[in-house]
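In this text, residue positions in the sequence shown follow my numbering: the first is 49, and each later residue adds one.
This report concerns only the one structure given below.
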Amino acid sequence: MQQRFFILLQYLLPHHTLSRLAGCIAECEKPWFKHRFINWFIKKYNVDMSQALNEDPNSYQHFNDFFTRALKPDARPLDTTEGAILCPADGAISQLGSIEYGRIFQAKGHSFGLQELLGGDKDLAAEFMGGEFATVYLSPRDYHRVHMPLTGTLRQMIYVPGRLFSVNQTTAEHVPELFARNERAVCIFDTERGPMAVVLVGAMIVASIETVWAGLVTPPKRTLKTFDYQAASFQPITLEKGAEMGRFKLGSTAIVLFGPEQIKWSTELNEGTAVEMGQLLATSLKNS
């Protein structure tokens, strides 16, 4: 009964209004407020501040500054396995596997469309048809910067408007097409393993999504928009493996896509496996 009420409530709530209100609260700079809020959050979610580059909770400008905190240089060592594909973020594996018949597995009884996830671009979706996907869920206690799984040159970014359902396991099991319904930024890179997509999915109370090349991508513009970084007006943007590529202000989900016969997921990863940015997510398949 509680689960049904939780899901029903999400359909009824004004997602964007609540999330933008949360964003305003999270950027309040009043010391009496931000100190209490940050310290309450650290205690509630057992945040390990010893890993933070700045360990003093009270020195952050506001809650979002704390939430997107940088880590110490040695806090997330990058896996050095030959052909390693790195995990892009801290969190847990929601799902990973093959993209079958243009569908991506979401949770028991549910999947969502590859083409819909990528903003409806049929030609772009064709590049990943029969390929591989991994969905990483970032919980409130996690490090909330997203990094490159593999060195890549940015081809395009697609802003896709949508709802802001929660992306926790309960919602994934009950809301059809969840990740293809929520607001998101689809980032397409060309890599040594062909096209790679890193999709930053918004969620309830996620105040914004940012990328290192464009800054603030959301709050919403309400209309789908594609940014072509191969156009002559743009300087090529290449990000190295392990480099930061974006961040969430109040967590969410990152989905990584590769084309067919390019990579193999680590056998140590399964649904629910806790992961950290920089650990081995997959390995490159050798060219035949």
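Glycine is no exception: its CB is placed at the ideal position from the N, C-alpha and C atoms.
Since the structure is predicted, the reported quantities are computational estimates derived from the model, not experimental observations.
Cβ contact check for the stretch 238-248 and the stretch 145-163: 3 or more pairs under 8 Å:
In this structure the stretch 238-248 does not lie against the stretch 145-163, because fewer than three pairs of beta carbons, one per stretch, are closer than 8 Å.
For residue 329, does the three-state DSSP call read helix, strand or coil?
In the structure shown, residue 329 sits in a strand (DSSP, three-state: E or B).
Should residue 282 be labelled buried (16 or more other beta-carbon atoms within 10 Å of its own) or exposed?
Residue 282 should be labelled exposed.
Here's the rule I'm using: 16 or more other beta-carbon atoms within 10 Å means buried, otherwise exposed. How should residue 15 be labelled?
A question about residue 15 goes unanswered here, because the residues of the chain that appear run from 49 up to 336.
Indicate whether residue 152 and residue 318 have their beta-carbon atoms separated by less than 9 Å.
No, the Cβ-Cβ distance between residue 152 and residue 318 is not below 9 Å.
Please classify residue 149 as buried or exposed, where buried requires at least 16 other C-beta atoms within 10 Å of its C-beta.
By the 10 Å Cβ count, residue 149 comes out exposed.
With a threshold of 8 Å on Cβ separation, who are the neighbours of residue 336 within its own chain once the five nearest residues in sequence on each side are excluded?
Because the pLDDT at residue 336 is just 42, under 50, the model does not fix this residue reliably, and the point stays unresolved.
Would you mind working out which of 157, 134, 115, 277 sits nearest residue 225, comparing C-alpha positions?
Among 157, 134, 115, 277, the Cα nearest to that of residue 225 belongs to 157.
Between which two residues does the alpha helix (DSSP H) carrying residue 170 extend?
For residue 170, the uninterrupted alpha helix (DSSP H) segment begins and ends at 170-176.
Taking residue 307 as the reference, give the member of 275, 321, 228, 173 with the closest Cα.
Cα-wise, what sits closest to residue 307 is 173.
In the structure shown, what three-state DSSP assignment does residue 205 receive?
Shown here, residue 205 sits in a strand according to DSSP, grouped into three states.
Limits of the unbroken beta strand (DSSP E) element including residue 236:
Judged by DSSP secondary structure, residue 236 falls within the beta strand (DSSP E) whose first and last residues are 232-239.
Selection from 239, 119, 85 that minimises the alpha carbon distance to residue 109
For residue 109, the closest alpha carbon among the candidates 239, 119, 85 is that of 85.
In its own chain, which residues sit with a C-beta less than 7 Å from the C-beta of residue 312, not counting the 5 before and 5 after it?
So the qualifying residues of the chain are 330, 331, 333.
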